[in-house]
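Student: Mapped onto mature numbering (1 follows the signal peptide of the UniProt record, and there is no 0), the consecutive letters of the sequence shown carry residue numbers -22 to -1, 1 to 334. Heads up, the beta-carbon is just placed ideally off N, CA and C, and yes, glycines get one too.
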Amino acid sequence: MKNMKQWFLVALAASSFTYANAQGIEKKITLKENFKAERQANGDYKLSIPKGTYQMQQGRDKKELLASKSIVVYGDTLINSPKSERLYFMLTNNGDTTVITERKITVSGPSNFRDIGGIPTKDGKHVVWGQFYRADELSGLMESEFPYLNSLGIKQVYDLRSQDEVNSKKDHLPESMKWIHYPIFEEGNDAQMKAVMQKFMDGSMTKEAANELLIKANQDFATKNLPRFQVLVKQMLDADSPSLFHCTAGKDRTGFTSALILSVLNVDQETILDEYLMTNYYTYDKIQGGMDKMFGSAPVKIDKEVVTQLMMVDKAYLEAGLNEIIKKYGTMDNFIREGLKISDEQRLSYQKKYTY
């Protein structure tokens, strides 16, 4: 059992997501954005902008952005940029202003590292960029990328994995980032992992069982694991500097954390689900290869469809957790007050701080 568990953890950490087929993951953009900035391999930015006449300003932070001289652009634009710097772009057209930067943080190792800024709220505002980042495991980051990572401004990294997961693939971070081990599952009593391992060992794990496992995990997030999320979310909202939170695959523990932060900031449930499902899009290319190699070293025969189900995200997973919240608290607003222990006054201050 110990050898199997070690293999399973290493396999997850090494590949994060390594398999997809027609019956599994679909490469589909679920979070619709009219304005988009994508970082190119050489550091340049490709800006996708609806056709029109825009006054554009750019800078490395808000102060520099507002002070910069504007130029006129008329649609899609390519901007030269050093690989070591992150830039923000402010586009104004007929009095309407949009701020964009790269959502996907493209670095070595993680495939699901992204900024959850720029997302619209129910009252017509947007979540600020550069404050909350989510990711999968970060052992593959290269020191040559540290200047760019430092430009993101991240000061604290919350590692939501168990000690076993951490031991198998430790984060490799710049010195400017403080690593905080914050396991969501109680150490030494990881019931979800033990259940998965046992079913893998005896060959009884089916695709349907894997689906139910992840539904149950998200329900547990909203109930038995809630005290951990309660502290985590408030710590990040109270911080004066940007935070990064991640687990091994960056999809379940991380996805639920992202959903809670966005809920506090007044983002509607459908948009939260759309952001959650982007995991399948961002990881699609990476999960196409490597499964045969990975399973060639497996101690037992494992159904690839089962692993696919465990590696992907499905709308039903997060919905199960959110539905559990509504079942107990009636509304998300009540949950934020009673479950997360965030008063209406606190919540308004967070919205003022983190939306524009």
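Grouping DSSP H, G and I as helix and E and B as strand, with all else coil, what is Phe67?
Tutor: strand
Student: Where does Ile303 fall in DSSP's three states?
Tutor: helix
Student: Please report the distance separating the alpha-carbon of Tyr334 from that of Val106.
Tutor: 6 Å
Student: Between the Cα of Leu192 and those of Val291, Ile7, Lys148, spot the shortest distance and give me the residue it belongs to.
Tutor: The option with the nearest alpha carbon to Leu192 is Val291.
Student: Under a Cβ-count criterion, where at least 16 other Cβ atoms within 10 Å of its own Cβ denotes burial, should Thr257 be classed as buried or exposed?
Tutor: buried
Student: Rounded to a whole number of angstroms, what is the C-alpha to C-alpha distance between His159 and Gly30?
Tutor: 47 Å
Student: I'd like to know if the stretch 55 to 63 and the stretch 73 to 91 are in contact, where contact means that at least 3 CB-CB pairs between them fall below 8 Å.
Tutor: Touching, no, given that fewer than three Cβ pairs across the two stretches are closer than 8 Å.
Student: Along the chain, where does the beta strand (DSSP E) containing Met256 start, and where does it finish?
Tutor: Careful: Met256 lies outside any beta strand (DSSP E), inside the alpha helix (DSSP H) at 247 to 260.
Student: Determine the DSSP secondary structure at Ile57, reduced to helix, strand or coil.
Tutor: Ile57: strand per DSSP, three-state reduction.
Student: Taking all protein chains shown into account, decide if Ser221 is buried (16 or more other Cβ within 10 angstroms of its Cβ) or exposed.
Tutor: buried
Student: Distance, Cα to Cα, Glu316 vs Gln35?
Tutor: 42 Å
Student: Which residue marks the beginning of the alpha helix (DSSP H) containing Asp142, and which one marks its end?
Tutor: 141 to 146
Student: Less than 7 Å between C-beta atoms, sequence neighbours within five positions excluded: which residues of the same chain meet that for Val144?
Tutor: Asp137, His159
Student: Should Ala(-1) be labelled buried (16 or more other beta-carbon atoms within 10 Å of its own) or exposed?
Tutor: Residue confidence for Ala(-1) is low, a pLDDT of 36 falling below 50, so the modelled location carries little weight and cannot support an answer.
Student: So, using beta-carbon positions, are Leu296 and Ala200 closer together than 8 Å?
Tutor: no
Student: Can you tell me the Cβ-Cβ gap for Gly228 and Ala298, rounded? I've got them flagged as a contact below 8 Å.
Tutor: So it is not a contact: roughly 19 Å between Cβ atoms.
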